[in-house]
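> Residue 685 in this note's numbering sits at position 191 of the sequence shown, with consecutive numbering throughout.
Let me begin by handing over the structure; questions about it come next.
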Amino acid sequence: MEKILIVEDDINISDMVSDYLANEGFEVKRAFDGVEALQIFEREAFDLVLLDLMIPQLDGMRVMKGIREKSLTPIIIVSAKDSEGDKAMGLGFGADDYLTKPFSLVELSARIKANIRRATRYTQSHETKQPQIIKIRELEIDLENYQVKKRGELIKLTSKEFEILKLFVTNKNKVYTKAQIYQAVWGEAYYGEDNVINVHIRRVREKIEDTAEPVYIKTLWGIGYKMEDE
495 MEKILIVEDD INISDMVSDY LANEGFEVKR AFDGVEALQI FEREAFDLVL
545 LDLMIPQLDG MRVMKGIREK SLTPIIIVSA KDSEGDKAMG LGFGADDYLT
595 KPFSLVELSA RIKANIRRAT RYTQSHETKQ PQIIKIRELE IDLENYQVKK
645 RGELIKLTSK EFEILKLFVT NKNKVYTKAQ IYQAVWGEAY YGEDNVINVH
695 IRRVREKIED TAEPVYIKTL WGIGYKMEDE
């Protein structure tokens, strides 16, 4: 049974989401402020965190930063803040998804299940299989064990960051539009979610590049992105 941590200070919303997810078969734990959320996360393991941004004690961004320092557990932000800037900031701090209030409980459940599936696929080790490793310049991408090393040092990527990198390294020289990246990695129809793609590409680049001028994932202005052969 997958375990969800709900971080929400509005009792009515917390009750509604908790009851719905429990009926969907999830085990649910709740926190009502940022300090409590981090304390619970320290003590227990979770498959996913639902995180409101506007919570007492510690705000959602600081809670997410604390979680990301120790874990790649999927985080879905659920917030009344719906500006593109807020979404970009949340994703930039390490969120995997962003859902704006008010929201559909059916959609929330679908996103939770999708993010857990991706995270499970990301963390599963295929010990009986021979690792399939792609080497590009100073990077080693282990497609079987979902690991990336740079000059021998392990790089921590979230599941979506890895899927983006995997998409490019397994399709070198192919140009991908933002819509194609979104459909391939998120598995959903693309509705102009430019900030989602921009933030995730930037995060991947920050982790694999040494200079401001990208060497691995190149931008084709007005078209999309590609990774060239060496």
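A virtual CB, placed ideally from N, CA and C, is assigned to each residue, including glycine.
Which residue or residues does DSSP assign as beta-bridge partners of Glu647?
Stepping through the sequence shown from its first residue, residue 647 is reached at position 153. Per DSSP, Lys644.
> Give me, in chain order, the residues of the same chain whose beta-carbon lies closer than 7 Å to that of Thr622; leave out the 5 immediate sequence neighbours on both sides.
Translated into positions along the sequence shown, residue 622 becomes position 128. A caution first: Thr622 carries a pLDDT of 43, below 50, which makes its placement in the model too unreliable to give a value.
> For Gly718, which residues from the same chain have a beta carbon less than 8 Å from its beta carbon, with the 5 sequence-adjacent residues on both sides left out?
The sequence position of residue 718 within the sequence shown is 224, counting from 1. Excluding sequence neighbours, Gly718 sits near Val669, Tyr670, Thr671, Lys672, Gln674, Ile675.
> When you compare each of Ser508, Gly519, Glu563, Ala516 to Phe726 by their alpha carbons, which one comes out closest?
Residue 726 is absent from the structure shown; the chain starts at 495 and stops at 724.
> Between Ile570 and Leu544, is the Cβ-Cβ spacing less than 7 Å?
For the purposes of this step, residue 570 is identified with residue 76 of the sequence shown, where counting begins at 1. For the purposes of this step, residue 544 is identified with residue 50 of the sequence shown, where counting begins at 1. For Ile570 and Leu544, yes; Cβs fall inside 7 Å.
> Alpha carbon to alpha carbon, how far is Ile711 from Asn692? Give it in angstroms, no decimals.
Start at 1 with the first residue of the sequence shown, and residue 692 comes out as number 198. Start at 1 with the first residue of the sequence shown, and residue 711 comes out as number 217. About 12 Å.
> Would you mind sorting Ala525 into buried or exposed? The rule is 16 or more other CB atoms within 10 Å of its CB.
Position 31 of the sequence shown, counted from the first residue, corresponds to residue 525. Under this definition Ala525 is a buried residue.
> So is Arg612 buried or exposed if we call it buried at 16+ other beta carbons inside 10 Å?
One-based indexing of the sequence shown puts residue 612 at position 118. Flag for Arg612 reads buried.
> Counting along the chain, where does the alpha helix (DSSP H) carrying Met558 start and finish?
As a first step, residue 558 is located in the sequence shown; it is residue number 64 there, counting from the start. Note, Met558: alpha helix (DSSP H), 554-562.
> How big is the Cα-Cα spacing for Phe520 and Ile635?
Working through the sequence shown from its first residue, we reach residue 520 at position 26. Working through the sequence shown from its first residue, we reach residue 635 at position 141. Going by the C-alpha atoms only, they are around 33 Å apart.
> Helix or strand or just coil, what does DSSP make of Lys523?
The residue you call residue 523 lines up with position 29 of the sequence shown. Lys523: strand per DSSP, three-state reduction.
> So, using beta-carbon positions, are Gly528 and Ile549 closer together than 7 Å?
Taking the first residue of the sequence shown as position 1, residue 528 is located at position 34. Taking the first residue of the sequence shown as position 1, residue 549 is located at position 55. Against a cut-off of 7 Å, the Cβ pair of Ile549 and Gly528 comes out as a contact.
> Would DSSP call Met548 helix, strand or coil?
Counting from 1 along the sequence shown, the entry for residue 548 is found at position 54. The answer is coil: DSSP assigns Met548 none of H, G, I, E or B.
> By DSSP, does Thr705 sit in helix, in strand, or in coil?
On the sequence shown, residue 705 is found 211 positions in, with the first residue counted as 1. DSSP places Thr705 in coil when its eight states are reduced to three.
> Between the C-alpha atoms of Lys523 and Leu552, what's the straight-line distance to the nearest angstrom?
Sequence index remark: in the sequence shown, residue 523 carries index 29 (1-based). Sequence index remark: in the sequence shown, residue 552 carries index 58 (1-based). Whole-angstrom Cα-Cα distance: 18 Å.
> Does the distance from the C-beta atom of Lys595 to that of Ala582 stay below 7 Å?
Within the sequence shown, numbered from 1, the residue matching residue 595 stands at position 101. Within the sequence shown, numbered from 1, the residue matching residue 582 stands at position 88. No, these two residues do not count as a Cβ contact at 7 Å.
> With C-beta atoms as the reference, is Gly588 less than 7 Å away from Met555?
As a working mapping, residue 588 is identified with position 94 in the sequence shown. As a working mapping, residue 555 is identified with position 61 in the sequence shown. For Gly588 and Met555, no; Cβs fall outside 7 Å.
> Enumerate, from N- to C-terminal direction, the unbroken beta strand (DSSP E) stretches of 3 or more residues contained entirely within the segment 662-688.
For the segment 662-688, not a single whole beta strand (DSSP E) run of length 3 or above is found.
> Excluding the 5 residues flanking Gly584 on each side, which residues of the same chain have their C-beta closer than 6 Å to its C-beta?
As a first step, residue 584 must be located in the sequence shown, where it is residue number 90. Within the same chain, Gly584 has close Cβ partners Ile571, Tyr592.
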